[in-house]
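Here this note's numbering = 1-based position in the sequence shown + 25.
This report refers to the structure that appears directly beneath it.
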Amino acid sequence: VAPLAAVSVNDVELEATGSRRLLSQQGTHEGYVELHELVLDNAKDLCWMEAGHWLKLEEDFQESGDWSQPHLSFLTYHSLLEIRRALNKGAILLGVEATSLPAIVHILLDQLIYEGQLKPQDRDDAMRTLLLRHSHPTEDESVWTMPPALVQRSGTSRTDVEQPLLREQRPVEISRIAGKEQVSGDRGHGGPQLLETIPEGAEATLVLVGCAAFLEQPVLAFVRLKDAVTLDGVLDVSVPVRFLVVVLGPDTPQISYHEIGRAIATMMSERVFRRDAYLAEARQDLVRGVEDFLDSSIVLPPSEPPNEQLLRALVPLQQELLRRRYQPLERLHLGDFPKDLGTAGTAPEDDDPLRRTGRPFGGLVRDIRRRYPKYLSDIKDALNPQCLAAVIFIYFAALSPAITFGGLLSEKTNQMMGVSELLISTCVQCVLFSLLSAQPLLVVGFSGPLLVFEEAFYSFCSSNGLEYIVGRVWIGFWMILLVLVVVACEGSFLVRYLSRYTQEIFSFLISLIFIFETFSKLVTIFKTHPLQKTYGSAQDGPQPNMALLSLVLMAGTFFLAFFLRQFKNSSFLPGKVRRLIGDFGVPISIFVMSLADFFIKDTETQKLSVPKGLQVTNSSLRGWFIHPLGEKVEFPVWMMFACVIPALLVFILIFLETQITTLIVSKPERKLVKGTGFHLDLLLIVAMGGLAALFGMPWLSATTVRTITHANALTIMSKTSAPGGKPQILEVKEQRISGLLVAVLIGVSILMEPILRFIPLAVLFGIFLYMGVTSLFGIQLFDRILLLLKPPKYHPDEPYVTRVKTWRMHLFTFTQIIFLVVLWVVKSTPASLALPFVLILTVPLRRFLLPKIFRDIELRCLDADDAVVTFDEAEGTDVYNEVQMPS
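What follows is the structure, given as structure tokens:
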């Protein structure tokens with residue numbers, strides 16, 4: 026029997042869908058289970074020996090003298106039936122008030138005698154048996170090296186040499202059934218190392234099984250304590266015990282106590298049955314829980330399959346049973362498609378940041394009332410070492426694109442704006458945004474799409490004899506007017522129509538721009554300093570080694586940062602040291618590669634160019650204040666009004682990037698608790714950008730890649746996850762200080778020129794590439810593009826794979842790739858000003874055209890942020906309800 030497996034659907038998805046019972050989570054805890062069997066130790070004394078433990082998955086001590094890999098438990102059907110039968114007539118004690126194992130045993134035995142399951146004359150023998158010493162396996166002493174014991178009425182014992190007891194082979198791993206690699210995770214373990222993997226607040230179940238000759242029939246006792254207690258010298262780890270299950274009985278070949286113990290332990294480690302055990306009020310509740318567990322299990326007939334390919338069909342079936350087990354009892358009635366793109370149905374109406382109030386600026390006022398009361402906690406939550414690591418990381422992550430984009434901006438605008446303006450604009454706007462915003466996790470900065478627009482508008486002004494820097498001022502004025510109108514009308518509700526389809530295309534485009542600009546700058550270095558077969562000792566001209574060293578520095582920075590990111594979740598070094606190194610991975614990689622460049626004396630590389638002091642990029646062309654009527658020539662009146670068109674384009678661009686970034690960072694799985702404010706943040710970013718244009722500084726937007734990087738750096742994962750499982754998000758440090766300090770450091774960078782000039786530009790290219798590549802992870806479009814290169818048998822067990830035919834999934838992916846190519850072509854041509862409008866076309870495409878090609882159920886499966894399965898009893902099918910954040 027293959028029981029329901031938590032490995033098929035992660036905890037975040039289960040929490041999103043909820044249980045099939047709408048029960049309160051209060052009073053329930055994560056579970057840890059230990060199975061102890063009755064054996065004879067090397068001194069021929071009776072003792073309880075740990076045979077295995079469960080943290081969602083099973084780890085048992087193997088004959089080789091080591092703990093097994095975490096694996097899915099495979100149980101015998103007969104053992105499950107024995108448990109159901111035993112629960113029907115066994116002793117069930119719920120709410121026992123006891124603080125020690127002897128006290129628990131006293132109460133348990135009294136109940137067994139009262140119910141007639143234990144003879145009074147056997148009480149002492151049973152007491153002595155249940156209070157025996159508890160041991161834990163080593164290479165020399167384990168259930169494999171110690172014979173199972175048979176307790177006699179006299180207290181003596183005989184081993185399995187005199188009367189053999191069949192010990193079943195340990196369960197096969199899930200990889201044998203699913204045809205896949207074994208579940209990843211550290212090797213099995215015990216003691217302090219095991220304690221690190223147990224979630225905080227977990228409670229334990231102790232399962233005791235063994236043979237007792239003084240019993241005429243098997244006895245089962247299920248005990249739930251009123252309060253969890255720590256039983257000294259019993260468990261291998263210091264975890265308070267809530268449940269005790271005892272199975273004792275006569276030696277009979279028809280009953281395998283080992284398998285019964287494994288079955289009980291497996292059920293108690295499964296979250297729904299454990300919840301049933303916590304909330305049970307009588308025997309029938311536990312029996313019903315066992316029956317439900319059986320309903321969700323798979324039984325393999327006693328026939329040998331001709332090949333493993335047939336066994337792989339069990340995985341989709343198991344996933345189906347799992348989803349049904351965890352689906353809500355009440356269906357979600359989300360209405361038609363436009364409503365499906367709204368907020369999660371579990372969020373109270375007042376918490377929906379996109380709900381329209383019907384009053385002018387009503388959404389803005391609600392954002393302020395919702396978010397500002399948490400202002401004090403935004404400061405207190407910053408008192409954490411991880412925030413310091415995030416500041417250092419994000420500083421370089423924000424400085425790198427500011428320097429790089431500043432240089433590109435200077436090239437494309439003939440030095441009208443450059444590094445100086447971009448650094449000061451980033452500093453000032455980020456400081457104000459960190460202090461006033463509703464979502465301070467957003468990182469405000471310059472982006473690729475904005476660079477495309479600046480280049481296109483400069484070309485337009487140059488071709489028509491207009492002052493580019495003055496035209497930006499009028500664009501800024503119109504942007505402020507537009508954002509006031511949109512916020513007054515609560516126009517951010519249109520975010521509801523930005524489905525995952527659009528979000529993925531836009532996020533992928535941003536990441537591609539990061540990656541492309543990295544290699545574009547590297548190619549420029551190779552063109553300036555080409556490799557040569559021979560060269561003289563005096564290198565007054567091009568230095569061929571400069572390009573090669575730049576490539577090494579860029580690649581070294583990228584791979585070192587990426588390695589340290591992976592190292593954080595490895596098994597090397599103690600957990601705290603490992604996480605510290607991982608948190609500071611990017612600063613470490615920058616320091617190491619900059620140090621390597623410093624010690625290489627015979628080859629020069631381009632260094633980070635930071636302006637000295639507060640000065641414009643080209644003081645001969647402009648000053649710090651831009652006159653709206655014209656700098657050198659009078660600005661045409663008609664163009665003042667015509668600037669509303671490019672202003673609309675910039676506004677759409679900032680609206681899309683800011684709101685999509687907010688959607689991505691605020692997804693439910695990130696477990697943000699302080700909320701967000703679409704109206705307030707949009708007003709701040711656009712208004713600040715509009716005013717910045719008056720001083721000849723770039724307008725900015727919320728940057729997708731840097732914001733995701735910022736949120737990831739502030740995310741606290743479970744120190745260790747359940748064996749074989751994935752680390753879970755515990756919380757995100759939602760605070761304002763990291764963004765504020767990063768902004769200040771960027772401003773101070775102008776004064777840090779003596780230090781920053783030692784950092785090679787190629788090192789920042791490596792960080793640029795790192796952000797572009799790592800931001801692709803988690804984008805479903807990227808995952809589906811990779812699936813184009815994999816045979817179907819290696820596809821993951823994801824809803825968008827298992828619920829849709831492979832060729833239709835690939836067709837859906839191709840529609841996004843085609844649109845991505847169109848956007849890239851538009852970006853690379855003189856029509857780049859139209860990029861925002863082209864991106865907007867993805868909304869009606871997704872809304873009206875794609876449903877004509879793809880069936881609704883398939884489309885929702887591919888495009889839903891949170892795919893919730895609801896079983897339609899009338900149709901006999903599963904229906905996906907598309908639920909999109911924000912919550």
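No residue lacks a Cβ here, since even glycine has one placed at the ideal position from N, Cα and C.
Return the bridge partner residues of residue i from the DSSP annotation.
i    : result
P173 : V64
M618 : Note: M618 sits in no beta bridge, so no partner.
V248 : L118, L269
P785 : K632
D85  : G77
Y57  : A229
E756 : I741
L71  : L65
V254 : V266
Quick check on residue i: buried or exposed, where buried means 16 or more other Cβ atoms within 10 Å of its Cβ?
i    : result
R381 : exposed
Q640 : exposed
R695 : buried
E241 : exposed
E187 : Interpretation of E187 is limited by its pLDDT of 37, a score under 50 that renders its predicted location unreliable; the figure taken from the coordinates is listed afterwards. E187 is exposed by the Cβ-count criterion.
I404 : exposed
A369 : In this predicted model, A369 has a pLDDT of only 35, less than 50, meaning its place in the structure is not dependable; the value taken from the coordinates is given anyway. By the neighbour-count rule (16 or more Cβ atoms within 10 Å), A369 is buried.
D706 : buried
S209 : Reliability of the predicted coordinates at S209 is poor, the pLDDT of 36 falling under 50, and no value is obtained from them.
V3   : Because the chain in this structure spans residues 26 to 912, residue 3 falls outside the shown range and cannot be described.
K364 : Annotation note: pLDDT 33 at K364 (below 50); position unreliable, coordinate value reported separately. Exposed, by the Cβ-count rule.
E492 : buried
I505 : buried
E284 : buried
L585 : buried
T429 : buried
T867 : buried
V264 : buried
S691 : buried
Do residue j and residue i count as a contact pair if the criterion is CB distance below 8 Å?
i    : j    : result
S536 : V788 : no
E84  : P224 : no
I108 : L118 : no
I685 : T728 : no
G764 : S445 : no
I865 : I613 : no
F583 : L794 : yes
S462 : L716 : no
S524 : R296 : no
H704 : V512 : yes
L63  : L71  : yes
A427 : F471 : yes
A288 : S104 : yes
I792 : I615 : yes
I679 : G714 : yes
Measuring alpha carbon to alpha carbon, tell me which residue in the options is nearest residue i.
i    : options                : result
F531 : G387, T683, A237, G383 : T683
E542 : V469, P378, V510, F790 : F790
S321 : M292, I762, R308       : M292
G431 : I505, L509, K546, F584 : K546
A423 : S462, V468, P385       : V468
I804 : I679, F587, P821, Y526 : Y526
P243 : S281, E306, W649       : S281
T549 : P465, L433, Q343, Y522 : L433
I651 : M442, A580, I784       : M442
L766 : F421, F239, H283, Q309 : F421
D276 : Q177, K552, Y522       : Q177
E436 : S484, N409, L806       : S484
A672 : P693, D165, W724       : W724
V58  : D261, A718, L100       : D261
(request) Report yes or no: do three or more beta-carbon pairs, one from the segment 309-321 and one from the segment 265-284, lie closer than 8 Å? (result) no
(message) Within 8 Å, do at least three Cβ pairs link the segment 587-602 to the segment 753-761?
(response) no
(request) Pair every Cβ in the segment 385-394 with every Cβ in the segment 414-429, then say whether three or more of these pairs are closer than 8 Å. (result) no
(message) With a threshold of 8 Å, are at least 3 pairs of Cβ atoms found where one atom belongs to the segment 488-503 and the other to the segment 649-667?
(response) yes
(message) Does the contact criterion of 3 or more C-beta pairs under 8 Å hold for the segment 226-239 versus the segment 143-155?
(response) yes
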